[in-house]
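Numbers 2 to 48, taken from my numbering, label the letters of the sequence shown in order.
Glycine included, C-beta positions come from ideal geometry on N, C-alpha and C.
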Amino acid sequence: MIAQVAFFIILTFATYLFSKNAGKIRRNILLGRYTNRSDNPALRLKT
Numbered sequence: 002m003i004a005q006v007a008f009f010i011i012l013t014f015a016t017y018l019f020s021k022n023a024g025k026i027r028r029n030i031l032l033g034r035y036t037n038r039s040d041n042p043a044l045r046l047k048t
């Protein structure tokens with residue numbers, strides 16, 4: 002009985018840490034925004 006409770010507590014804590022870190026990774030990925038680079042191709046190729 003005690004082992005099952007300890008397992009459940011550890012599992013809950015591990016799930017919390019995983020979801021917290023996954024949220025951080027998702028936020029960092031979403032920081033990159035799409036930029037329209039097709040506005041002036043001749044000027045872009047010249048540099």
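Discussion item. Let's see if you can read the secondary structure: which residues bound the alpha helix (DSSP H) around residue 41?
Written reply: Note, residue 41: premise wrong, no alpha helix (DSSP H); not H, not E.
Item to complete: Give the C-beta separation of residue 45 and residue 34 to the nearest angstrom, bearing in mind that I take them to be a contact with Cβ-Cβ under 8 angstroms.
Response: Between residue 34 and residue 45 the Cβ distance is about 18 angstroms, and since that is not below 8 angstroms, they are no contact.
Worksheet entry | Extent of the continuous alpha helix (DSSP H) run through residue 27 | 3-30
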